[in-house]
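Protein chains in written order, with the working numbering: chain A, 1 to 148; chain B, 1001 to 1148.
Beta carbons are placed, not taken as given, at the ideal position from N, Cα and C, and that holds for glycine.
Encoded as C-alpha cells, the structure appears first; notes follow it.
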DNA sequence: TCTACTTAAGTGCATATACACATTAACCCT
DNA sequence: AGGGTTAATGTGTATATGCACTTAAGTAGA
C-alpha cells in the first residue's frame, strides 16, 4: 500500500463527492431507459438478483447487493406490493425467503433489453478503454474499502 | 470513441450497479467521520460550495454539484432550518441567492479536518495508484456522459 | 430446562433523489 | 403597453438510503 500523501486537498477533490455525482448521472441514464417498465434501476437490480439466485434470505441478498439490510427491506416494498417478488416461509421462522413471481420473471425479461441498451449507451459514450478502466477501478476500490 | 462491443453482458456487470454500490460504500465512510458535526457528506458538499462560491443561485449551485435542481431544493431545507445557510434577495426576484451564515462557516471549518481524515482513510486504503486511476476514470466518465 | 447470547428481520426517523407539474418574474417583440 | 416566451424556483409524489432501536426466533451452556 503506497504511503498516504500528506493531505493538501480541497473538498472539491473529494472522492466521495465525485463518486456520488457519477452515480447520480449514470443512474439517470439507466432509469430513463427502464421507465417504460415502471422499474427503477435499483429495482431492476434487486429483481434480477432474486430471479437469478432463487429463494434467498434478505440478509444474504443485501450482502450481494452491497446494500444496508434495512434499506433493502424498504426497497423490497414496492416490488412485493406489485407482486413481482414474494416471500416464502423457510424452516427458520425468522427468515424470509424471497422468490420472483411469474410476473416478476416476465417483467425482468422484458426489462433486460432496455437495460442492455442503457449499458451499451454508456459503454459507447465512454469507449472500451475507459469502460475497462472504470470497472477495474470500481472493483478494486470495493475490495480495498470493504475492510473499513 | 472505440466501437461498442456487441453486448453479451449480465446485469451483474452493470456499470450502474457497481457505481451505485461503490458510492454507497464510500458515502458511509465519510458520513461516519462527519457524524460528530451533524452533517451528512452531501450537506458537507453543499455547505462547502456555498461557503466557497459566495452568494450563488440555486440553479447554478445545482450545476456545480451535478445534482438535480429540485433535489438541491430539498437538500437545502435542513441547512436552512438549522441556520447554516441563508437566502438573500437578489435583483432578479425569481432568484434566491444562497450564502453561508457565520454559523455555517464555523461548522464547515470544524468539519473540514474530519472530512480530510475520511479522505485520507479512503486514499490510504486504495493506495496512490488506485486513487489516481479512480479519480481519472470518474472524471473522464463524467465528461463523456455529460452529453447524454 | 431455563437463561443468556446470537441471529434475522422490521420500525422510527431523517435525509437524498428525481420526474412531472405549477408558479412567478423577467424579457422581447410588435 | 400588451402578450407570448423563457427563466428560476417550488410542490406532489414516489422511491432510496442508513443509523439506532426493537422484536422474535434459534442456540448453547449451566
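- Against residue 36(A), chain B offers no close residue; the least beta-carbon distance is about 17 Å (beta-carbon pairs closer than 7 Å).
- Listed in chain order, the positions of the segment 1014–1025 of chain B with a beta carbon within less than 9 Å of a beta carbon of chain A are 1014, 1015, 1016, 1017, 1018, 1019, 1020, 1021, 1022, 1023, 1024 and 1025.
- Taking C-beta atoms as the reference points, residue 84(A) and residue 71(A) fail to come closer than 8 Å.
- Within chain A, no C-beta atom comes less than 9 Å from the C-beta of residue 1099(B); the nearest is roughly 18 Å away.
- Cβ atoms of residue 1097(B) and residue 1088(B) come within 8 Å of each other, at about 4 Å.
- If the five residues before and after residue 1042(B) are omitted, its C-beta is found closer than 7 Å to the C-beta atoms of 1075, all from its own chain and listed in chain order.
- In the DSSP assignment, residue 116(A) falls within the unbroken alpha helix (DSSP H) covering 102–146.
- Sequence-distant Cβ neighbours of residue 91(A) in its own chain, meaning closer than 7 Å and more than five residues away, do not exist here.
- With contacts defined by Cβ atoms closer than 8 Å, residue 64(A) and residue 44(A) do not form a contacting pair.
- Note: residue 58(A) is not bridge-paired with any residue in the DSSP secondary-structure output.
- Annotated as proximal: residue 18(A) and residue 1138(B), with beta-carbon spacing under 8 Å.
- Using a Cβ-Cβ cut-off of 9 Å, residue 56(A) is close to nothing in chain B; its nearest Cβ partner there is about 14 Å away.
- Contacts with chain A (Cβ-Cβ distance below 8 Å) from the segment 1123–1139 of chain B involve 1123, 1124, 1125, 1126, 1127, 1128, 1129, 1130, 1131, 1133, 1134, 1135, 1136, 1137, 1138 and 1139, listed in chain order.
- In this structure residue 126(A) touches residue 1141(B) by the C-beta definition: roughly 6 Å separates them, less than 8 Å.
- According to the DSSP assignment, residue 87(A) belongs to the beta strand (DSSP E) that extends over 85–89.
- Contact annotation, residue 1144(B) with residue 47(A): C-beta distance approximately 28 Å; criterion of less than 8 Å not satisfied.
- If you draw a straight line from the Cα of residue 1028(B) to the Cα of residue 1123(B), it comes to about 15 Å.
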